[in-house]
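S.K.: Using our numbering, the first residue of the sequence shown is number 2, and each one after it goes up by one. Even for Gly, the Cβ is constructed at its ideal location relative to N, Cα and C.
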Amino acid sequence: MLQEIKDEAARLDRSLSWVVQRAWKLARLEIKKIPSVNDVADDEETEGT
Numbered sequence: 002m003l004q005e006i007k008d009e010a011a012r013l014d015r016s017l018s019w020v021v022q023r024a025w026k027l028a029r030l031e032i033k034k035i036p037s038v039n040d041v042a043d044d045e046e047t048e049g050t
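1. Taking the beta carbon of V41 as the centre, do at least 16 other beta carbons fall within 10 Å, making it buried, or is it exposed?
2. Does the Cβ of V38 have 16 or more other Cβ atoms within 10 Å, making it buried, or fewer, making it exposed?
3. Out of curiosity, what's the CA-to-CA distance linking A28 and K34?
4. S18 lies in the alpha helix (DSSP H); which residues open and close that run?
Okay, here's the thing in structure tokens:
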């Protein structure tokens, strides 16, 4: 994965840091939609009772 990011940074003529920061800003809201391990465990316990 790191090599892919390095390749994209070179293609875009940007720093590795810039690419990672942009990717994080774009993906952050989608990542927040993923339930945490604690959320999943809580749901399973609730369904079992």
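M.R.: Reading off the structure:
1. exposed
2. exposed
3. 10 Å
4. L17 to K33
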